[in-house]
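Worksheet: the structure to be examined is printed underneath.
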Amino acid sequence: MRIIPENSEIIIALKNKSHLLFILLVLLTMYIAGPASAQKKVRLERADRLEGGRKDGRRYDSFIGNVIFLHQNATIYCDSAILYRKENSLEAYGHVRIDDGDSITVTSNTLIYDGNSRVAKLRSNVVFTKKTQMTLYTDFLDYDRVKEIAKYVNGGKIVDSTNVLSSEKGYYDVRRNMASFKTNVVGENPDYTMKSDTLQYNTKTKIIYFKDKTELTDVDGNVFVYSSGLYNTLIDKSDFSKGYIETESYFLYGDRLVFDDIRGFYTASDNVKMIAKGNDVIILGNKAEYWKSEKITKVYENALLKMLSNEDTIYVSADTLVSLDDEEDINKRLLAYHNVKIYKNDLQGIADSLVYFQADSVLSLFGNPALWTMGNQMTSDHIDIEIANQTISVLHLKSNSFVISVDSLNNFNQIKGRDMDAIFEDQQLSKVYVYGNGESIFFMLAEDESTLIGMNKILCSDMTLNFIDNQLSDITFYTNNEGKFIPPHELKEPDKRLTGFTWRSKEKPGYEDVVPEKYLDPNRVKREPENIETEIYTSPVPGAGKKKIPENMGGKKRKKIVKTKKN
Numbered sequence: 136m137r138i139i140p141e142n143s144e145i146i147i148a149l150k151n152k153s154h155l156l157f158i159l160l161v162l163l164t165m166y167i168a169g170p171a172s173a174q175k176k177v178r179l180e181r182a183d184r185l186e187g188g189r190k191d192g193r194r195y196d197s198f199i200g201n202v203i204f205l206h207q208n209a210t211i212y213c214d215s216a217i218l219y220r221k222e223n224s225l226e227a228y229g230h231v232r233i234d235d236g237d238s239i240t241v242t243s244n245t246l247i248y249d250g251n252s253r254v255a256k257l258r259s260n261v262v263f264t265k266k267t268q269m270t271l272y273t274d275f276l277d278y279d280r281v282k283e284i285a286k287y288v289n290g291g292k293i294v295d296s297t298n299v300l301s302s303e304k305g306y307y308d309v310r311r312n313m314a315s316f317k318t319n320v321v322g323e324n325p326d327y328t329m330k331s332d333t334l335q336y337n338t339k340t341k342i343i344y345f346k347d348k349t350e351l352t353d354v355d356g357n358v359f360v361y362s363s364g365l366y367n368t369l370i371d372k373s374d375f376s377k378g379y380i381e382t383e384s385y386f387l388y389g390d391r392l393v394f395d396d397i398r399g400f401y402t403a404s405d406n407v408k409m410i411a412k413g414n415d416v417i418i419l420g421n422k423a424e425y426w427k428s429e430k431i432t433k434v435y436e437n438a439l440l441k442m443l444s445n446e447d448t449i450y451v452s453a454d455t456l457v458s459l460d461d462e463e464d465i466n467k468r469l470l471a472y473h474n475v476k477i478y479k480n481d482l483q484g485i486a487d488s489l490v491y492f493q494a495d496s497v498l499s500l501f502g503n504p505a506l507w508t509m510g511n512q513m514t515s516d517h518i519d520i521e522i523a524n525q526t527i528s529v530l531h532l533k534s535n536s537f538v539i540s541v542d543s544l545n546n547f548n549q550i551k552g553r554d555m556d557a558i559f560e561d562q563q564l565s566k567v568y569v570y571g572n573g574e575s576i577f578f579m580l581a582e583d584e585s586t587l588i589g590m591n592k593i594l595c596s597d598m599t600l601n602f603i604d605n606q607l608s609d610i611t612f613y614t615n616n617e618g619k620f621i622p623p624h625e626l627k628e629p630d631k632r633l634t635g636f637t638w639r640s641k642e643k644p645g646y647e648d649v650v651p652e653k654y655l656d657p658n659r660v661k662r663e664p665e666n667i668e669t670e671i672y673t674s675p676v677p678g679a680g681k682k683k684i685p686e687n688m689g690g691k692k693r694k695k696i697v698k699t700k701k702n
């Protein structure tokens with residue numbers, strides 16, 4: 136084996152080559168790192184005049200006239216500038232503009248720019264623009280180019296082709312196209328003005344996200360209030376949670392609200408509540424639909440209407456409840472249709488449909504209606520209930536009117552006529568007027584109410600029935616009255632019924648039948664079933680010999696002579 140001496144030329148050559156390689160690697164590293172290091176420095180591109188000096192112990196260069204700086208894909212323009220090379224920071228004044236990449240342009244009167252953190256602090260008449268999307272106006276903006284977030288804290292406004300949104304505080308996330316607004320937020324577009332404390336807006340999708348209670352007022356004055364949700368301003372469609380709509384006449388609440396402004400169609404669902412203004416009317420349900428142009432609201436699924444009063448509440452349930460709104464009070468009304476049921480402590484009813492006229496506070500029942508009050512069953516083709524001072528004042532029974540009550544022996548006392556009016560005073564039945572084709576059947580009982588004396592049947596044109604303490608006091612018969620007394624042994628079943636008689640007590644609704652289970656008041660005192668039995672008292676009829684007619688239709692006994700008149 137040949138051994139090469141240590142001091143040979145070969146060894147020296149090898150060492151020289153290693154040294155050369157080391158130098159080349161250092162130079163290559165410096166070459167690669169050099170541009171990167173240079174990229175971190177704010178670099179002057181041009182200026183008309185250059186000056187230098189020291190300020191607050193720091194060395195600076197001053198540039199005047201058509202000044203341009205470059206820094207990491209951004210170009211900064213201004214009238215004059217001061218550059219602190221050691222700190223890598225820049226102060227720019229007059230017609231400041233930053234072009235950041237291809238999409239961001241910011242202008243202002245002044246700028247402080249930190250080249251190390253890449254944070255630009257722009258002041259006075261700041262305009263931040265993301266091309267094709269939006270423009271942000273403020274006097275105080277901090278723009279972090281690393282995070283791509285522009286923030287203002289003393290008032291700002293974002294404007295795009297659809298909306299104008301302003302607030303005291305806010306920021307814009309360039310990457311996510313998301314503007315966030317905080318404190319005294321106001322949004323405007325051709326259809327709405329909105330107010331909130333917190334909301335977000337995607338300038339690309341044009342969707343507004345509501346993060347706090349937001350009040351939106353449309354051009355017609357309708358107000359929509361909600362706590363969370365979203366609003367797509369491109370297609371004018373919204374989806375909200377826990378909010379309400381306020382129109383001229385009512386408030387509509389729901390756990391979820393969906394608005395389609397192009398169609399003018401809005402829906403509410405889950406715990407729907409509609410509260411009328413100007414009167415104590417509340418409508419509850421699971422779902423609601425609102426047609427803006429027609430001003431129609433429909434509530435269904437567990438639909439319940441509550442008419443509140445100091446003394447009592449009228450409950451109305453139906454398959455569907457509808458509100459028809461209008462600028463004229465006379466045209467405002469509430470509709471209920473299919474399976475209508477009514478409950479009040481002293482009044483119960485059923486019908487196929489109902490109309491409530493808000494201007495004159497009248498409930499109209501249609502479709503085989505029936506009412507039960509003061510121990511009487513009242514039926515007709517059409518029934519109107521007048522409400523005054525939140526209590527029933529008059530019942531109008533129109534066409535085929537029929538009133539039935541039951542005495543202590545389960546006999547049916549009956550009054551029939553074409554039309555009837557029942558008058559209430561101080562929440563008690565005062566008078567009943569029968570107009571046309573009057574007929575009546577009353578069963579006379581002995582004073583102990585355990586023995587039937589006979590039945591009196593009277594035909595006449597009209598009648599007037601007077602009541603005291605809800606008990607019949609006397610009856611006056613008018614025009615061509617004919618009376619017939621039938622003793623018990625001569626009574627036959629057909630004699631005991633007037634034509635058209637129908638006893639519908641099984642249809643009479645209770646509180647639990649009218650009020651859906653989810654709305655039941657747990658503190659409500661359960662009432663005993665109403666006693667519909669009626670006490671009967673008799674007195675002589677002038678000129679009728681021993682014939683008797685009833686003097687009241689229930690409870691308290693009163694003695695009064697029945698009057699008979701001819702026109």
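Mapped onto the working numbering, the consecutive letters of the sequence shown carry residue numbers 136 to 702.
Note that beta-carbon positions come from the ideal geometry of N, C-alpha and C, so glycine has one too.
Every value quoted in this text rests on a predicted model; they were computed, and no experiment measured them.
One or two residues paired with residue i in a DSSP bridge
i	result
Ala505	Ile485 and Thr514
Gly552	Ser536
Asp279	Val254 and Ile284
Tyr379	Val360 and Tyr388
Asp597	Tyr570 and Tyr613
Trp638	Trp638 is not bridged to any residue.
Ser499	Val490 and Asp519
Ser102	Residue numbering for the chain in the displayed model covers 136 to 702; residue 102 lies beyond these limits and cannot be assessed.
Gln562	Beta-bridge pairing links Gln562 to no other residue.
Val451	Leu440 and Ile477
Glu226	Ile217 and Ile247
Asp308	Ile284 and Met313
Asn337	Met313 and Ile342
His531	Asp519 and Asp556
Thr349	Ser331 and Tyr361
Lys408	Tyr388 and Leu419
Ile621	Met590
Proximity of residue i and residue j at Cβ, strictly below 8 Å
i	j	result
Leu443	Ser452	no
Asn208	Gly236	yes
Lys467	Gln483	no
Leu185	Phe204	no
Gln268	Lys348	no
Tyr385	Phe375	no
Cys213	Val231	yes
Gly322	Val288	no
Leu369	Lys341	yes
Asn201	Arg220	no
Asn511	Ile539	yes
Ser259	Thr245	yes
Distance between beta carbons of residue j and residue i, contact taken as under 8 Å
i	j	result
Ile588	Gly618	With 8 Å as the limit, Ile588 and Gly618 do not qualify as a contact, their Cβ atoms being about 15 Å apart.
Gly502	Ser488	5 Å
Tyr478	Val354	About 41 Å; that fails the 8 Å criterion.
Gly420	Glu436	6 Å
Tyr613	Ser596	6 Å
Rounded straight-line distance, which links the Cα of residue j to that of residue i
i	j	result
Ser243	Ala423	50 Å
Ser585	Val541	14 Å
Leu163	Leu271	Low confidence applies here, because Leu163 scores a pLDDT of 43, under 50, leaving its location unreliable; read the following figure in that light. For Leu163 and Leu271, the distance between alpha carbons rounds to 45 Å.
Tyr344	Glu283	21 Å
Val497	Tyr491	6 Å
Pro664	Pro644	Only weak support is given to the placement of Pro664: the predicted model assigns it a pLDDT of 45, under 50, and the value that follows is read from those uncertain coordinates. If you take the alpha carbons of Pro664 and Pro644, they lie about 11 Å apart.
Phe602	Leu564	6 Å
Met590	Glu574	13 Å
Leu530	Asp556	6 Å
Tyr472	Ser404	20 Å
Val254	Arg280	6 Å
Val759	Tyr306	No answer is possible for residue 759: it lies beyond the span of the chain, which begins at 136 and ends at 702.
Leu710	Lys408	What is shown of the chain runs 136 to 702, which leaves residue 710 out entirely.
Glu303	Asp454	48 Å
Ile621	Asn546	14 Å
Pro504	Asp554	14 Å
Tyr388	Ala411	12 Å
Arg95	Glu647	Because the chain here runs from 136 to 702, residue 95 falls outside it and cannot be looked at.
Ile397	Arg311	27 Å
Glu381	Thr448	24 Å
Neighbour flag for residue i against chain C, beta carbons, 8 Å
i	result
Thr245	The structure shown contains no chain C; it holds only a single protein chain.
Cβ contact check for the segment 457 to 470 and the segment 626 to 640: 3 or more pairs under 8 Å: no
For the structure I just gave you, are there three or more beta carbon pairs, one from the segment 274 to 288 and one from the segment 247 to 264, closer than 8 Å? yes
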